[in-house]
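*Asks:* Residue numbers (numbering that gives the first Met the number 0), protein chains in the order written: chain A, 0 to 480; chain B, 0 to 448. Note that CB positions come from ideal geometry on N, CA and C, so glycine has one too.
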Amino acid sequence: MKRFCEECLDAATAAGASYADVRVTDTTKQSLSVRNGVVEGVQGGTSVGFGVRVIADGAWGFAASSELSPEAAVRVAREAVAIARASARVPARAVRLAPVEPAHATWSGPCAIDPFTVSTDDKLALLLAADAAMRAIDGISLATGEMEFLKCRKTFASSEGALIEQDWVESAAGITAFAIDEGEVMRRSYPNSLGGASFQGGWETITALDLVANAPLIAGQAIELMSAPVCPGETTTLILDATQLALQVHESIGHPTELDRVLGDEAAFAGTSWVGARDLGTLRYGSDIVNVTADATIPGSLGSFGFDDEGVPAQREYLVRDGILTGFLSSRESAAVIGRTSSGAMRADGWNRTPLVRMTTVSLEPGTAGTLADLIADTDRGIYMETNDSWSIDDKRLNFQFACEIAWEITGGKLGRMLRNPSYTGISPRFWGSCDAICSPVEWRVHGLGNCGKGEPMQVAHVAHGAAPARFRDVQVGVGR
Amino acid sequence: MIPIEHAQELAAALLDAARGAGAQQVEALAVASDAALTRFAGNRIHQNVASTDVELQVRAVVGTQVGVASTNATDAAGIEECAASAVDAARRAPADPDFPGLPGPRPVEYADRVSPATLHFDAAARADAVAALIEPTSRGGGIAAGGVACQHSLIAIANTLGVAIAMPRTSLRTTVLATGPEGGTGWASFTSCDASTLDAHTLGVFAADTARRSADAIDLAPGDYTVVLAPEAVADITQFLAWYGCSAKSVHEGRSFMSGKIGQRVTSEMITLIDDALAPGAMGMTFDYEGQPRQRVVLIDHGVAVGPVTDSYWAAKTGSPNTGHALPAPNSEGPLPLDVELAAGDATLADMVASVKRGIYVTRFHYVNIEDPTRQTLTGMTRDGTFMIENGELTKPVRDLRFTQPMLDALDTTLAISKQRTLVGEEAPVVVPYLLLERFAFTGQKSRA
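#1: Entirely within the stretch 377 to 418 of chain B and at least 4 residues each: give me those alpha helix (DSSP H) ranges in chain order.
#2: Give the DSSP-derived three-state secondary structure of G140 of chain B in the structure shown.
#3: Identify whether L36 of chain B lies in helix, strand or coil by the three-state DSSP scheme.
#4: Three-state secondary structure (DSSP) at A455 of chain B?
#5: Between the stretch 429 to 462 of chain A and chain B, which residues of the former have CB atoms less than 7 Å from a CB of the latter, in chain order?
#6: With 16 other CB atoms within 10 Å as the buried threshold, where does D215 of chain B fall?
#7: Going residue by residue through the stretch 196 to 277 of chain A, where are the continuous beta strand (DSSP E) segments of at least 3 residues, counting only ones entirely within it?
#8: Spell out whether any CB of chain A is found under 8 Å from the CB atom of P135 of chain B.
#9: Alpha helix (DSSP H) containing Y312 of chain B: first to last residue?
#10: Tell me which residues of the stretch 53 to 79 of chain A have at least one Cβ-Cβ distance to chain B shorter than 7 Å, keeping chain order.
#11: Whole angstroms is fine: what's the gap from T280 of chain B's alpha carbon to H5 of chain B's?
#12: Are there 16 or more other CB atoms within 10 angstroms of the CB of K395 of chain A, so buried, or fewer, so exposed?
#13: List the residues of chain B that W202 of chain A touches, going by C-beta distances under 9 Å, in chain order.
#14: Compare the C-alpha of F39 of chain B against each of B:I142, B:V113 and B:T73 and name the closest.
#15: Counting contacts by CB-CB distance shorter than 8 Å, is E233 of chain A in contact with chain B?
#16: So P334 of chain B packs on T309 of chain B, CB below 8 Å; how close in whole Å?
#17: So, E404 of chain A versus T386 of chain A, is the Cβ gap smaller than 8 Å?
#18: Note the first and the last residue of the continuous beta strand (DSSP E) segment covering Q7 of chain B.
#19: Is the CB of E370 of chain B under 8 Å away from at least one CB in chain E?
#20: Just to make sure I have the definition right: I need the residues of chain A whose C-beta is within less than 8 Å of the C-beta of K445 of chain B. Which are they?
#21: Please determine, among A:Q42, A:A85 and A:V73, the residue with the shortest C-alpha to C-alpha distance to F49 of chain A.
#22: Give the straight-line distance between the Cα atoms of A94 of chain B and L127 of chain A, rounded to the nearest whole angstrom.
#23: Nearest-angstrom Cα distance between G299 of chain A and P231 of chain A?
#24: So is H103 of chain A buried or exposed if we call it buried at 16+ other beta carbons inside 10 Å?
#25: For a test of the three-state rule: what should DSSP assign to E309 of chain A, helix, strand or coil?
#26: If you draw a straight line from the alpha carbon of D408 of chain B to that of T266 of chain B, how long is it in whole angstroms?
#27: Within the continuous alpha helix (DSSP H) that includes I139 of chain A, where are the two ends?
#28: Between L176 of chain B and chain A, is there a C-beta pair that is closer than 8 Å?
#29: Find out if the Cβ-Cβ distance for the pair P354 of chain A, E309 of chain A is shorter than 8 Å.
#30: By a C-beta neighbour count over all protein chains shown, 10 Å radius and 16 as the cutoff for buried, is S251 of chain A buried or exposed?
#31: Just the chain A side, please: which residues come within less than 8 Å of T373 of chain B by C-beta, in chain order?
#32: Does any CB atom of chain A fall closer than 8 Å to the CB of A110 of chain B?
#33: Would you say M166 of chain B lies against chain A (beta-carbon separation less than 8 Å)?
#34: Just to confirm before moving on: does the CB-CB distance between T242 of chain A and N191 of chain A stay below 8 Å?
#35: If the cut is a Cβ gap below 8 Å, which residues of chain B does A83 of chain A touch?
#36: I believe V86 of chain B touches E54 of chain B by the beta-carbon criterion, under 8 Å. Please report the beta-carbon distance rounded to the nearest angstrom.
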């Protein structure tokens, strides 16, 4: 592979590139899904290819192909340079890259049991057992289960001398129970919605979820939701479980602190940010107890790697410290614009995509409020919500609205009635400013998120968020009621 | 991109390989694409990409056991491995007694959806289009962002029952977001098979003018308002209706607004929703991913839910005709309508605005998501050109608003539909008019941080 990469880089520089890098990516996937006792899909796939990214005449060009041959290496590299030169037809400041020490390195993610060595029979047996356990609860009309596995090997080389090889395995699984009757659809998911839980790791991460044992609980809750009262419309105290809080962090802290968004590069599609580049060190993002890190070094997290897709080493950095904005997720180009070094957050969704600034593991650091039970006991009146159902946020990441699968009233420090169709809305800095309690490390978990969409063509990144349940004051819930 | 004959040969080779591996029935897809995109922001090109790929997919059937595998390795070894993997997956999958077998060949009507102008719209042409999109905004001291995307794609489908079909297509998608020096924003987009019909300068002028008029937006209290929705906003509503509500699978499972309501009125009788891959201006394939003809399906007829689209599996399971709307197998969505249009009315935009005493004009929505599929309750934000309508005229720009609205209820208050319709979208564009709705619930407002 080293020779192939050299051919790409040599061809690019010979064609006039002042900078070039190449990524060769080989991905194998397997997905399995069951629905009401029937296997809906068993699918495997492989995709191999390479992409060459160059700067020529001060502008970017990128070309990619699935044909890995010496002829394709030269053709694609020259095409990338030609595209860069076309970019330069629109006058602009020349691209500058923040410096990075070219690395020669290898990195592997954790994996105890390679899921591709586990038989399809065993995987389906687990999903079907969980499916049966959900449908054993009277009133469940639809039960689904899914698993996904990914194995990736990636080689990165640059004209600056970097040569990095990385490989990792990802595993994901989840189940969902539906109670459906006369136009009402109640859904409960375990261990999370949006595809379940996802990890960097092997089959051991899936068996640890104990899908079958947890199936009756969510199925019972789905049934109970059918007769639960609707979440009322009011302004109240809100406690979020860690999975919903993970998505809250994702949408209202992760995306707004991506420096390419801050600088306007995603304006026409996903939007920009309410945060400005000059706000670093001064902007109050949340209350004093809000501390947020971006960490690509957490073992087993979907947001971890050895080096990003520009060859920048994985890092841990505070984005928000004691409520104040202190960092950005950045690339070599965006970091150079504000006079910093890259935070190592550039990743591409496959060989045929150019890297973008993506989240790593962006986490709300744990607080001191004890367990979830302690936090509820400390709350006189409010609502506790679990598990995301729907999400929406404006183009500057200010006005958000989330719906959850389930909620409970909190009265006198205890959970009361179950509530259906809960939702809440807010404005990012006010919401985080109203955070007055975060549970302790005992409740803190990293939650993988495998569906982060960004960019054009749409790229789906696998990221993660650490979170523990937290409490927010004066939040509008039950939107539209 | 590979020639159409080569794609068909690859599909045929997959059939042979899977049969040789023990499959009783086989379906093969060869999907090739040359895709290019030039993105710009801050009045400069910041991303300029092109890629070439060929993906092969095989669905192997053993009895009523089904397995699927895919690869982009197109040599003999890659094809053999992919086919063997699909057969192995099928043998390990429990039998599905409802699987009806693969469908046989049916006559398909073709449409020429390849534009020579799009084929030749190279990186230099895209850059020149970008310059034309930017200029009206930059001339006024603003900044522009957006993209020019071109694609040449080809799909060949074959199965062991005799389906053998292929179709190439081209597409062009152009967007421009103008941000004026005072902070107002404006938007324009264009979607077509044919790059020769692109007028980048006019798009740029429209977006820049909207941005100029959007400056100094006023705060408006959330509440119920009469709205005029421009086609970009109508497209979001239409796509959620179609994709979450018009699949035989979601209807059968009770998750659709149509579930239990077929034959009943679900919206104003002014609303007619159709899927028609052969309509003038449609950009999709004229057959589905099983090689079956995509038939014209009326989904909502003058406000009455008529029925969903099907594929071979859901047609057999529900005892309905196969309308030819299969997605690649397997998928969790079931069949989907991908060439949807909302029927035109007889109004003009000017008529609509003139009829509103106090209301809101919405250029487009942002980040729309569904909270309740059976009521089609959607939430999202307005963006890039939201204006007050007062006494029949567009007046002041309005700070962006959040809506939370059951769309069936909103469509039940339809007062007028424009004769003019626009093709909007990228992956599965829709043909949609302007809509005048009497009541639309805005539940929040974008804040100054």
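*Replies:* Quick answer:
#1: 406 to 410
#2: coil
#3: The DSSP-derived three-state label of L36 of chain B is strand.
#4: What is shown of chain B runs 0 to 448, which leaves residue 455 of chain B out entirely.
#5: E455 and P456
#6: exposed
#7: Taken in chain order, the complete beta strand (DSSP E) segments of 3 or more residues contained in the stretch 196 to 277 of chain A are 196 to 199 and 233 to 239.
#8: no
#9: S311 to T317
#10: A58, W59, G60, F61, A62, A63, S64, S65 and E78
#11: Note that residue 280 of chain B is Gly in the sequence shown here, rather than Thr. When rounded, the distance between both Cα atoms is 28 Å.
#12: buried
#13: Those within 9 Å of W202 of chain A in chain B number zero; the least Cβ separation is about 16 Å.
#14: B:I142
#15: Not one chain B Cβ lies under 8 Å of E233 of chain A.
#16: That belief holds up - the Cβ atoms of P334 of chain B and T309 of chain B are roughly 5 Å apart, short of 8 Å.
#17: Yes; because the gap between Cβ atoms is below 8 Å, this pair is in contact.
#18: Where Q7 of chain B is concerned, there is no enclosing beta strand (DSSP E), although the alpha helix (DSSP H) it sits in stretches over I3 to G19.
#19: Protein chains in the displayed structure are A and B, and chain E is not among them.
#20: D393, K395, L397 and N398
#21: Taking only the C-alpha atoms, the option nearest F49 of chain A is A:V73.
#22: In a straight line, the C-alpha of A94 of chain B is about 13 Å away from that of L127 of chain A.
#23: 39 Å
#24: exposed
#25: Coil at E309 of chain A, not helix or strand.
#26: If you take the alpha carbons of D408 of chain B and T266 of chain B, they lie about 7 Å apart.
#27: It is not in any alpha helix (DSSP H) - I139 of chain A carries neither H nor E in the DSSP assignment.
#28: Yes, L176 of chain B lies at the interface with chain A (some Cβ there is under 8 Å from its Cβ).
#29: Contact flag set, yes.
#30: buried
#31: G182, E183 and V184
#32: No, its Cβ sits nowhere closer than 8 Å to a Cβ of chain A.
#33: no
#34: Yes; because the gap between Cβ atoms is below 8 Å, this pair is in contact.
#35: N47
#36: Not a contact, Cβ separation roughly 19 Å.
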